[in-house]
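Under the UniProt record's numbering, the first residue of the sequence shown carries the number 1, and numbering increases by one thereafter.
Beneath this line is the structure, given in structure tokens, with notes to follow.
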Amino acid sequence: MITIVATLRAKEQYREAVLEALQELVNASLQEEGCREYRLHTSIANPLEFLFYESWESKEAIDKHTQTTHFLNFQQKAAEWLDKSEINLYKPI
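Structure representation (structure tokens):
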């Protein structure tokens, strides 16, 4: 199992568009084989900041996820809509 923690910061003028696109990404990703958990959060202190907490069965499942249409579509939009993104992968100890 692999856990992903991703943090994103939207540009202010794109916050609502980012939120809508992220919710679509969650809904589609939860249907993927190998996805155990895919949760979206927003910061209490800064509504422009979002956090994903994801759990995947394997690196292969993650690799497939990053090639899906819904993921690639978001990545294309993210280049314009986001100020920052950071993605970290973790494994259980």
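The C-beta atom is built at its ideal place from N, Cα and C for all residues, glycine as well.
Endpoints, alpha helix (DSSP H) assigned at residue i
{"i": "N88", "result": "Counting along the chain, N88 falls outside any alpha helix (DSSP H), though it belongs to the beta strand (DSSP E) covering 82-90."}
{"i": "A28", "result": "15-29"}
Limits of the unbroken beta strand (DSSP E) element including residue i
{"i": "I2", "result": "2-10"}
{"i": "residue 94", "result": "Any question about residue 94 goes unanswered here, given that the chain covers just 1 to 93."}
{"i": "L40", "result": "35-42"}
Contact set for residue i: own chain, Cβ-Cβ below 6 Å, skip 5 residues either direction
{"i": "T3", "result": "S55, Y90"}
Cβ of residue i within 8 Å of any chain B Cβ
{"i": "Q67", "result": "Protein chains in the displayed structure number just one, and chain B is not present."}
Helix, strand or coil at residue i according to DSSP, with G and I counted as helix
{"i": "R60", "result": "According to the sequence provided, residue 60 is Glu. The question's Arg does not apply to it. It is helical."}
Close Cβ partners of residue i (< 7 Å) along its chain, the five nearest in sequence each way excluded
{"i": "P47", "result": "R15"}
{"i": "E12", "result": "L48"}
Using 8 Å as the Cβ pair cut-off and three pairs as the minimum, do the region 24-34 and the region 59-79 touch?
Touching, per the Cβ criterion.
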